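If you're matching positions, the sequence shown starts at 67 in the numbering used here and goes up one per residue.
No residue lacks a Cβ here, since even glycine has one placed at the ideal position from N, Cα and C.
Model, not experiment: these values are computed from the prediction.
In what follows, a structure is listed as structure tokens, so that the remarks can point back to it.
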Amino acid sequence: KTAQSKGQSAAEPAAAPPLHGIVGESPQLLRETDTHKVIFYNGWYYGIPYGLAGVDLTDPAAANHPGIIRLASEAEVVELIEESERWANSRGQYDEQKKQREGGAYMRADSLSETSGLVELPCKPRVFAIGRTYVAVNQTSLENAFKKNRSSVHTIGPKQRGPGVVNTNQIPGSTFTRRVVSKFPPVLVDRIRGLIRQQSYSAGTASGPLVTKSDRQLAGMLLRALGDTYIKQPLRNLRRTLTSEDRPAMGIEGIAVEGEDFSIISVVTKNAQPELMWTIGSYNIVKFDGQYYGVPHGASVDWGAGAISAIPGMLIGEHVADLVTMIDRKTNVVSNDKVVNATIVATGSAVSSNPVLLGSMEEEGYNIVYYEGWVYGMPHQLGNIDLTLVDVMEMPGVIRDVSRDAVESEIVSRSEEKRHVA
67 KTAQSKGQSA AEPAAAPPLH GIVGESPQLL RETDTHKVIF YNGWYYGIPY
117 GLAGVDLTDP AAANHPGIIR LASEAEVVEL IEESERWANS RGQYDEQKKQ
167 REGGAYMRAD SLSETSGLVE LPCKPRVFAI GRTYVAVNQT SLENAFKKNR
217 SSVHTIGPKQ RGPGVVNTNQ IPGSTFTRRV VSKFPPVLVD RIRGLIRQQS
267 YSAGTASGPL VTKSDRQLAG MLLRALGDTY IKQPLRNLRR TLTSEDRPAM
317 GIEGIAVEGE DFSIISVVTK NAQPELMWTI GSYNIVKFDG QYYGVPHGAS
367 VDWGAGAISA IPGMLIGEHV ADLVTMIDRK TNVVSNDKVV NATIVATGSA
417 VSSNPVLLGS MEEEGYNIVY YEGWVYGMPH QLGNIDLTLV DVMEMPGVIR
467 DVSRDAVESE IVSRSEEKRH VA
């Protein structure tokens, strides 16, 4: 405002003669201060900040540029520059740059006279090598890892429903037994489903939909699965442990943390969920947190607790083909029937991207197809469709889910609705 009132007015007369006689010459640098350059041009004296050193004074609009001082004498320009510096310094906006450079404080965060000091910067994270992966851990998380009163505890597993919430995972069918089982807690219903499906794979009867089997057949499969899971398999695991068979792939000492009295055994990505891919022999192939695991039937796995490799009989590989090789080596499962039932198409270092037919529900008119981690229910009436080229989700009647049981249940439910309508 001071500059505009004293030197930016176009009505103020030009400098006195003989300055009028040198109009048209190039701008001349007269002096430099700590913050400005003083230039003479076209009868006027300009104070130009270093931040605007590239301005073109030959442009008529340059004189009106904010921050440029234009007065009739050099003394007035210098006086106004010094006045602006004193005004700013008196209010602590910035120290004199010359003094800052001399004291080594120029451009420092605490160079202002009224600041309280440096802002505390966050600590750098600790970086650890876990196998082939590098993990950055916040220093505060390491310090609070073993405190008793942690802010939150996450439970990995099926979501717990509060009292009074209706079980949405109903079992298809109208028999008395199925209605009773549907009243069980959702976690128990999911576990029963998993045991029956596991037994169907082990017995080689997984080609047909489980929802179409009788209650007596399902009860028999459940009893056999309970015996295998909670009696036979634990005894096998105990025998392997006593005979030092299938030692953990990773030492229990883990990764030592320098300066601390604990080690990192394993790392789990937040919200990572296990995904059952298929079954080979007595192993379930599970994809979890970027790795593939061969989980022996009957093994109890807490995926969120870490140290999965310490479970007896657990197989770990970066690719499905690695697990197939290990399972074949351990169980000598080499027959084509076993491999076909397992729905594996392993080539090179990853699962083939070609769709795999898991089964067919002739009465309902559906094929069950596995493709890229999804299980599809494809109506027969759609004919032959290449899933690698066509997005089938917009087609009528197509069902998709990560669970084969869910797809089959939806197919049966839709078929019953159609029969009731007819």
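Start and end of the beta strand (DSSP E) containing residue i?
i, result
"V361", "357-362"
"L342", "341-346"
"T335", "No beta strand (DSSP E) contains T335, which DSSP labels as neither H nor E."
"P115", "110-115"
"D328", "The displayed chain sequence assigns Phe, not Asp, to residue 328. Premise fails: F328 is in no beta strand (DSSP E) and is neither H nor E."
"K103", "102-107"
"K353", "349-354"
"A195", "192-196"
"I135", "135-137"
"L381", "381-383"
"E91", "Here E91 belongs to no beta strand (DSSP E), and DSSP marks it neither H nor E."
Between which two residues does the alpha helix (DSSP H) carrying residue i extend?
i, result
"V247", "242-248"
"L288", "281-293"
"V487", "470-487"
"L208", "205-209"
Since I believe residue j is in contact with residue i (beta carbons under 8 Å), could you give me their beta-carbon distance rounded to a whole number of angstroms?
i, j, result
"Y359", "M392", "Rounded, the Cβ-Cβ distance is 11 Å, inconsistent with contact."
"S481", "E430", "4 Å"
"V456", "Y436", "V456 to Y436, Cβ: 16 Å. No contact."
"L123", "Y112", "6 Å"
"I434", "E460", "Actually they are not in contact, since the Cβ atoms of I434 and E460 sit about 20 Å apart, beyond 8 Å."
"V255", "V247", "7 Å"
"T454", "H363", "Contact flag wrong, Cβ pair sits at about 33 Å."
So, at 6 Å on beta carbons, what are the nonlocal neighbours of residue i in its own chain, with the 5 sequence-adjacent residues on each side left out?
i, result
"V405", "Unreliable positioning characterises V405 in this predicted model, as indicated by a pLDDT of 41, which lies under 50. The coordinate reading is nonetheless provided below. Excluding sequence neighbours, V405 sits near nothing in its chain."
"D281", "T241, T243"
"S65", "Since the first and last residues shown for the chain are 67 and 488, residue 65 lies out of range."
"A202", "P191, V193"
"I147", "T99, H102, G113"
"A129", "R136"
"V189", "The displayed chain sequence assigns Cys, not Val, to residue 189. Closer than 6 Å at Cβ, skipping near neighbours: Q205."
"P340", "V352, F354, W369"
Might you give, ordered along the chain, the residues of its own chain that have their beta carbon closer than 8 Å to the beta carbon of residue i, omitting 5 neighbours on each side?
i, result
"V464", "Y442, G443, M444, P445, L448, V458"
"G117", "G133"
"V399", "Summary for V399: the model assigns pLDDT 43, below 50, so the residue's position carries little reliability; its value from the coordinates is reported in the next sentence. If we look at V399 and ignore the five residues flanking it on each side, its Cβ neighbours are I346, G347, I393, V405."
"W440", "R466, D467, V468"
"R485", "none"
"S92", "Y107"
"H131", "L118, V121"
"Y200", "V193, F194"
"N303", "P362, G364, A365, P378, G379"
"E476", "G443, I465, D467"
Which residues in the same chain as residue i place their Cβ atom closer than 7 Å to its Cβ, once the five residues preceding and following it in sequence are excluded?
i, result
"A291", "L261, I262, Q264, Q265"
"R97", "V104"
"Q357", "I382, E384"
"L342", "N350, V352"
Measure the Cβ-Cβ separation of residue i and residue j and say whether it is below 8 Å.
i, j, result
"V390", "I377", "no"
"I351", "F194", "no"
"D452", "R259", "no"
"Q283", "A365", "no"
"V323", "L208", "yes"
Taking 7 Å as the cut-off, is the C-beta of residue i nearer than that to any heavy atom in the ligand COA?
i, result
"R259", "In terms of ligand content, the structure shown is empty, and the ligand COA therefore cannot be addressed."
Complete beta strand (DSSP E) runs within the stretch 410-467 (minimum length 3 residues, chain order): When DSSP assignments are scanned along the stretch 410-467, the uninterrupted stretches of beta strand (DSSP E) that are 3 or more residues long and fall wholly within it turn out to be 422-427, 432-437, 440-445, 465-467.
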